[in-house]
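J.: Per full-length UniProt numbering, residue 1 is the first one in the sequence shown, and the count goes up by one each step. By construction, the Cβ of each residue, glycine as well, lies at the ideal position given by its N, Cα and C atoms.
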Amino acid sequence: MIALAIAFSAGSFLYRLLRHTHLGQSSAMFLGVPAVLAILVALTPKARTVTGGIVKGITLALLIIAPLLGEGYLCILFAAPLFYIVGIVIGLLVDWLRARRSTTLGCVAIVLLPLCLEGVVPELTFDREQSVTVSRVVPASAADVEASLSLSPRIDQPLPRYLAIGFPRPLYAQGSGLDEGATRTIHFSGAEGDPPGDLMMRVTGRDRSSVRFETVSDASKLTQWLRWESSDVSWMPINAGSTLVTWKVTFARQLDPAWYFVPWERLTVGEAARYLIAVNAEPATSMPTGMTK
Numbered sequence: 001m002i003a004l005a006i007a008f009s010a011g012s013f014l015y016r017l018l019r020h021t022h023l024g025q026s027s028a029m030f031l032g033v034p035a036v037l038a039i040l041v042a043l044t045p046k047a048r049t050v051t052g053g054i055v056k057g058i059t060l061a062l063l064i065i066a067p068l069l070g071e072g073y074l075c076i077l078f079a080a081p082l083f084y085i086v087g088i089v090i091g092l093l094v095d096w097l098r099a100r101r102s103t104t105l106g107c108v109a110i111v112l113l114p115l116c117l118e119g120v121v122p123e124l125t126f127d128r129e130q131s132v133t134v135s136r137v138v139p140a141s142a143a144d145v146e147a148s149l150s151l152s153p154r155i156d157q158p159l160p161r162y163l164a165i166g167f168p169r170p171l172y173a174q175g176s177g178l179d180e181g182a183t184r185t186i187h188f189s190g191a192e193g194d195p196p197g198d199l200m201m202r203v204t205g206r207d208r209s210s211v212r213f214e215t216v217s218d219a220s221k222l223t224q225w226l227r228w229e230s231s232d233v234s235w236m237p238i239n240a241g242s243t244l245v246t247w248k249v250t251f252a253r254q255l256d257p258a259w260y261f262v263p264w265e266r267l268t269v270g271e272a273a274r275y276l277i278a279v280n281a282e283p284a285t286s287m288p289t290g291m292t293k
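#1: Given Ser210, which residues of its chain have a CB within under 8 Å of its CB, disregarding the five upstream and five downstream residues?
#2: For a test of the three-state rule: what should DSSP assign to Gly197, helix, strand or coil?
#3: Taking the continuous alpha helix (DSSP H) assigned at Ala143, which residues delimit it?
#4: Comparing C-alpha positions only, which one of Gly53, Gly57, Ser148, Arg266 sits nearest to Leu163?
#5: Bridge partners of Ala173, per DSSP?
#6: Look at the alpha carbon of Pro114 and the alpha carbon of Gly181, and state the distance between them as a whole number of angstroms.
#7: Taking the continuous alpha helix (DSSP H) assigned at Glu214, which residues delimit it?
#8: Short check: CB of Ile277 to CB of Val132, under 8 Å?
#9: Could you tell me whether the Cβ of Val134 comes closer than 8 Å to any Cβ of chain C?
#10: According to DSSP, is Ile165 part of a helix, a strand, or is it coil?
#11: Taking Tyr275 as the reference, which of Trp247, Tyr260, Pro257, Arg253 has the closest Cα?
#12: Starting from Leu82, follow its DSSP beta bridges and name the residues at the other end.
#13: Sorted by chain position, which residues of the same chain lie with C-beta nearer than 6 Å to Thr125's C-beta, five sequence neighbours on each side aside?
#14: Is Ala240 helix, strand or coil when you go by DSSP?
#15: Using a Cβ-Cβ cutoff of less than 7 Å, which residues in the same chain neighbour Ser150 once the five nearest sequence positions on both sides are dropped?
#16: Could you tell me the alpha carbon to alpha carbon distance between Val50 and Gly205, rounded to whole angstroms?
#17: Excluding the 5 residues preceding and the 5 following Phe78 in the sequence, name in chain order all residues of the same chain whose CB lies nearer than 7 Å to its CB.
#18: How many angstroms separate the CA atom of Gly87 from the CA atom of Ser230?
#19: Could you please give me the residues that DSSP links to Phe251 through a beta bridge?
#20: For Pro153, count neighbouring C-beta atoms within 10 Å of its own C-beta (all shown protein chains included) and say buried if the count is 16 or more, exposed if not.
#21: Please report the distance separating the alpha-carbon of Arg169 from that of Asp198.
#22: Since Asp256 sits in a beta bridge, which residues does DSSP pair it with?
#23: Do Thr183 and Arg208 have their CB atoms nearer than 8 Å?
#24: Quick check: the Cα distance between Glu129 and Glu123, rounded to an integer number of angstroms?
#25: Taking all protein chains shown into account, decide if Gly241 is buried (16 or more other Cβ within 10 angstroms of its Cβ) or exposed.
#26: Can you tell me which residues form a DSSP beta bridge with Gly205?
#27: What does a CB cutoff of less than 8 Å around Leu227 pick up in its chain, not counting 5 residues either side in sequence?
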């Protein structure tokens, strides 16, 4: 128990240190913290297997930390699989090396160190630029779609279940028009004790069947996960009563490691783009009823 307490204390200290030094979104957080926990738990005596002891230790640590984070439980939800992956890999490697009476923790630390520096050292950080494109046929004419897009963003519709699990929620929005220079401002709720903030976008490009919004400023909590850079929206009539709407979102990933968080962030942005088409490109009278709180 003393060893476990030391491991948890070390993990907590490292967590606070990384947050204080603005490295809370790097691999040092999402790989380094579980690696430190796993290595320290591996040193605890009387475990039948190192892997089993590590899994128990990580589980206890997550159960202790999660209630203290408030809205930040979303980070635990997404990071927990990564914590277990790192812990189990280290545990299996240590068990395998011990069975052969080989050097253990030193080798493990050497292997993990470069992986934990993604997001800390620029040379070890992968490209952050990402884009997601979603298309949907809207049951409205192209003129009606254009008119709907010119209105102030609608945020009174319930979010899809995935986006409602703890992401910052839009509280109110203002701005209208599709002429160059027109702006949209969306006020998002805070998270993890941080205050609410605004995402402001401006129309920077416009033609007969498309419009481009670029971010002017973003003080929302969304920046913990990604930085929304631009939205390119186009609409193409299929017939008199239906239009193909395409919404492309360009963003910069803020979480590391890339191999783990890129799929999650692309999934999230894709869901957001589908929601934006549903509530802003479709005229209010033809909106779908399938979205739930």
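T.: The structure says:
#1: Asp232, Val233, Ser234, Trp235
#2: strand
#3: 142-149
#4: Across the set Gly53, Gly57, Ser148, Arg266, the C-alpha of Arg266 shows the shortest separation from the C-alpha of Leu163.
#5: According to DSSP, which records beta bridges pairwise, Ala173 is partnered with Ile186.
#6: Using only the alpha carbons, I get a separation of about 45 Å.
#7: It is not in any alpha helix (DSSP H) - Glu214 instead sits in the beta strand (DSSP E) that spans 210-218.
#8: no
#9: Among the chains in the structure shown there is no chain C, since it carries only a single protein chain.
#10: coil
#11: Trp247
#12: DSSP, once it has assigned bridges, lists no residue as partnering Leu82.
#13: Only Glu118, Gly119 meet the Cβ criterion.
#14: coil
#15: Ser176, Gly177, Leu178
#16: So the two alpha carbons sit approximately 58 Å from each other.
#17: Trp264
#18: 37 Å
#19: Looking at the DSSP assignment, Phe251 forms a beta bridge with Gln130, Trp228.
#20: buried
#21: If you take the alpha carbons of Arg169 and Asp198, they lie about 11 Å apart.
#22: Beta-bridge pairing links Asp256 to no other residue.
#23: no
#24: The straight-line gap from Cα to Cα measures roughly 16 Å.
#25: Exposed, since its Cβ has fewer than 16 Cβ neighbours within 10 Å.
#26: Arg212
#27: First, the amino acid is wrong: residue 227 is Arg here, not Leu. Excluding residues up to 5 positions away in sequence, Thr215, Asp218, Phe251, Ala252, Gln254 lie with their Cβ nearer than 8 Å to the Cβ of Arg227 in the same chain.
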